[in-house]
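Okay, structure first, notes after.
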Amino acid sequence: LFTNICVYRPKFIQICKKKSVDEDFQQHRHVVTVMKCSLWVFYGLPLVQKDSILVTTSNGVGLVIEAIYLAVFLFYCDKDLQLERIQATGACLIVEIGVLCLFYGHTLLFLENVSARRKLVGVVCTVYCSEPDW
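Under the numbering used here, the first residue of the sequence shown is numbered 1235, with each subsequent residue one higher.
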């Protein structure tokens, strides 16, 4: 996952230098990667998996990098396409945050022991995060 995040670094350096986003640039894969990193950060928390600080740290860094990528994208988006892209990206992020909050709340409220939480979150992370980026 971390190598997938770093692959886009040259593209974002180019965007910053040109101060413009190409029309062929798709922000959706970064929105999906934010969700993937968020799930793995949740999995690594002591409430779910004991002694997994490396999982939390590495995916937390990936989450921050992806947030920066999305901010750069939104900042340098062309004025003509900016409103449309911001609305699409914002809608995806709002839905994503809602789904994550529901999942986190359900996991923490209804699963009382750490073992059940670890199994559920581990399966969700493995299934969702094994899918290729869009």
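All residues carry an ideal CB built from backbone N, CA and C; glycine is no exception.
Residue interval of the alpha helix (DSSP H) (run including residue i)
i	result
residue 1346	Run containing residue 1346: none; DSSP gives neither H nor E here.
residue 1255	Neither: residue 1255 is in no alpha helix (DSSP H) and is coded neither H nor E.
residue 1292	1287-1310
Three-way DSSP call (helix, strand, coil) for residue i in this model
i	result
residue 1278	helix
residue 1260	coil
residue 1335	helix
residue 1358	helix
residue 1284	coil
residue 1272	helix
residue 1247	helix
Option nearest residue i by Cα separation, candidates the options
i	options	result
residue 1346	1281, 1298, 1364	1281
residue 1278	1355, 1363, 1362	1355
residue 1253	1311, 1317, 1319, 1364	1311
residue 1265	1288, 1305, 1286, 1337	1305
residue 1319	1308, 1244, 1296	1308
residue 1360	1262, 1300, 1269	1269
residue 1322	1246, 1249, 1261	1261
Counted within 10 angstroms of its Cβ, other Cβ atoms place residue i as buried (16 or more) or exposed
i	result
residue 1272	buried
residue 1335	exposed
residue 1303	buried
residue 1332	exposed
residue 1283	buried
residue 1357	exposed
residue 1276	buried
residue 1339	exposed
residue 1329	exposed
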